[in-house]
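In the numbering used here, the protein residues as written are 263 to 513. In what follows, a structure is listed as structure tokens, so that the remarks can point back to it.
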Amino acid sequence: MRIMFERIVGDEEIGGNDLNMDECMVLYRARVPILVIKYKNGLSVDVQFPSDSYQAMRNTNLVRHYAMADRRFGLVYMWLRTLFRSLGIMRSKEGLFSSYHILCLVAHFLQCTSGALSKTVLPVLIRSHAHLVGPDVDIDKVVEMLGQPVEGRTLQGWCSENRMNAGELAVRLIDYYANMDIFRCAISLDKGTLERKSVPLSKSFIADFMTKMMQEYSASLRLVRRDCGVVVNYLRSFDGINIAGKEIFVE
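Structure below.
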């Protein structure tokens with residue numbers, strides 16, 4: 263890691279005098295070691311050093327297939343990410359939410375088979391399409407799939423019977439998490455269920471904040487529940503945005 267950092271610093275094309283050296287970091291003790299490269303123009307680049315399981319690439323492949331399964335996944339994700347950013351809680355390096363946390367919240371809600379929706383929007387991909395996203399898929403195949411464009415593609419073998427629009431789903435999502443006991447329950451993307459934790463989570467600022475935030479936001483959304491007009495109109499502004507491209511690389 264340090265050798266790579268020194269090479270970046272010494273390369274005038276990608277580093278050199280353009281770097282903000284006081285802000286650059288080498289986090290070699292992190293669960294996934296990472297170089298944080300900061301530039302004077304405000305640009306920030308993270309370089310990860312994953313284990314030989316290549317979990318970050320597998321997660322990205324999973325997200326791309328969720329996006330292919332149903333476009334509402336991307337719309338609800340963009341809406342929830344914007345909400346969390348406006349609340350100032352999307353700061354993963356400070357122990358708050360990351361894009362991946364939000365992706366997991368949205369994916370679980372849309373595929374949950376234990377009462378979130380009467381008809382799911384997404385399949386439980388780990389089970390229904392294990393040959394594409396399962397842990398045993400060869401990493402070379404994962405890389406090949408990541409190199410293919412997502413635009414205009416659909417997930418073969420899946421068509422949701424849920425006819426709710428993205429605005430209605432966004433309202434339901436807030437209600438769902440507002441009524442969840444996040445201290446005793448855990449979401450499972452592998453099973454598409456909500457499961458009881460063997461050891462309850464101790465009280466923490468972020469968990470307590472999320473519970474209160476979801477409850478308060480749920481109450482405010484009831485004002486537009488009748489036709490979900492505000493949320494629907496907002497989500498329409500994201501039409502055509504591809505959230506499953508290479509620019510999203512999750513841990």
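For every residue, glycine included, the Cβ atom is placed at its ideal position computed from N, Cα and C. All values reported here derive from a predicted model rather than from experimental measurement.
### Query
beta strand (DSSP E) containing E457: first to last residue?
Stepping through the sequence shown from its first residue, residue 457 is reached at position 195. Taken as a continuous stretch (DSSP letters only), the beta strand (DSSP E) holding E457 covers T455 to R458.
### Query
With C-beta atoms as the reference, is A378 less than 7 Å away from Y438?
Numbered from its first residue, the sequence shown carries residue 378 at position 116. Numbered from its first residue, the sequence shown carries residue 438 at position 176. Yes, they are a contact pair.
### Message
If contact is defined by three or more beta carbon pairs under 8 Å, each pair taking one atom from either stretch, is the stretch 268 to 286 in contact with the stretch 355 to 370?
### Response
no
### Task
Using a threshold of 7 Å, state whether the C-beta atoms of M330 and L417 are closer than that.
Residue numbering aside, residue 330 sits at position 68 when the sequence shown is read from its first letter. Residue numbering aside, residue 417 sits at position 155 when the sequence shown is read from its first letter. It is a contact, given that the beta carbons lie within the stated cut-off.
#### Entry: For A369, the first and last residue of its enclosing alpha helix (DSSP H)
As a first step, residue 369 must be located in the sequence shown, where it is residue number 107. Counting along the chain, the alpha helix (DSSP H) containing A369 begins and ends at S361 to Q373.
#### Entry: According to DSSP, residues forming a beta bridge with C447
For this step, residue 447 is matched to residue 185 along the sequence shown. C447 pairs with R458.
### Message
Between which residues of its own chain and I270 is the CB-CB distance below 8 Å, once the five residues before and five after are set aside?
### Response
Taking the sequence shown and counting its residues from 1, one reaches residue 270 at position 8. Result list for I270: I276, G277, L281, L297 and I299, in chain order.
### Message
Less than 8 Å between C-beta atoms, sequence neighbours within five positions excluded: which residues of the same chain meet that for R488?
### Response
As a first step, residue 488 is located in the sequence shown; it is residue number 226 there, counting from the start. Here the model assigns R488 a pLDDT of 44, short of 50, so the residue's position is not dependable and the matter cannot be decided.
### Message
Across the stretch 315 to 323 and the stretch 393 to 410, are there enough close Cβ pairs to call them in contact, namely three or more that are closer than 8 Å?
### Response
yes
### Task
Evaluate contact between the stretch 368 to 386 and the stretch 300 to 311, counting only Cβ atoms and requiring at least three cross-stretch pairs below 8 Å.
no
### Query
Along the chain, where does the alpha helix (DSSP H) that runs through I270 open and close?
Taking the sequence shown and counting its residues from 1, one reaches residue 270 at position 8. Here the alpha helix (DSSP H) through I270 covers R264 to G272.
#### Entry: Beta-carbon contacts of G454 that lie in its chain and below 7 Å, excluding the five residues immediately before and after
Against the sequence shown, residue 454 aligns to sequence position 192. So the qualifying residues of the chain are Q373, C374, T375 and V386.
### Task
Kindly list the residues whose CB is nearer than 6 Å to the CB of C490, restricted to its own chain and excluding five residues on each side of it in sequence; keep chain order.
Sequence index remark: in the sequence shown, residue 490 carries index 228 (1-based). For C490, the predicted model reports a pLDDT of 47, less than 50, meaning its position is unreliable and no value from the coordinates is stated.
#### Entry: Buried versus exposed, by CB contacts within 10 Å (16 or more), M328
Residue numbering aside, residue 328 sits at position 66 when the sequence shown is read from its first letter. It should be noted that the sequence gives Tyr, not Met, for residue 328. Y328 should be labelled buried.
### Where N279 falls, given that 16 or more other Cβ within 10 Å makes a residue buried
Translated into the one-based positions of the sequence shown, residue 279 becomes position 17. The residue in question, N279, is exposed, as its Cβ has fewer than 16 Cβ neighbours within 10 Å.
### Task
Please work out which residues of its chain come closer than 6 Å, Cβ to Cβ, to S514, disregarding the five sequence neighbours upstream and downstream, and give them in chain order.
Nothing about residue 514 can be read from this structure; the chain reaches only from 263 to 513.
### Query
What separation, rounded to the nearest whole angstrom, lies between the Cα atoms of F500 and N303?
Within the sequence shown, the letter at position 238 stands for residue 500. Within the sequence shown, the letter at position 41 stands for residue 303. Confidence in F500 is poor, its pLDDT being 46 and thus under 50, which makes the residue's placement too unreliable to answer from.
### Task
Put D402 into one of helix, strand or coil per three-state DSSP.
Here residue 402 corresponds to residue number 140 of the sequence shown, with the count starting at 1. The answer is helix: DSSP assigns D402 an H, G or I state.
### Task
Reducing DSSP to helix, strand and coil, say where M426 ends up.
Residue numbering aside, residue 426 sits at position 164 when the sequence shown is read from its first letter. Three-state DSSP puts M426 in coil, outside helix and strand.
### Query
Do L358 and I351 have their CB atoms nearer than 7 Å?
Mapped onto the sequence shown, residue 358 falls at position 96. Mapped onto the sequence shown, residue 351 falls at position 89. Yes; because the gap between Cβ atoms is below 7 Å, this pair is in contact.
### Query
Where DSSP assigns a beta bridge to Y301, which residues make up the other side?
Along the sequence shown, read from residue 1 onward, the residue named residue 301 stands at position 39. Paired residues: L281.
### Task
Along the alpha helix (DSSP H) that carries Q317, what are the first and last residues, could you check?
Numbered from its first residue, the sequence shown carries residue 317 at position 55. First-last of the alpha helix (DSSP H) with Q317: Q317 to A331.
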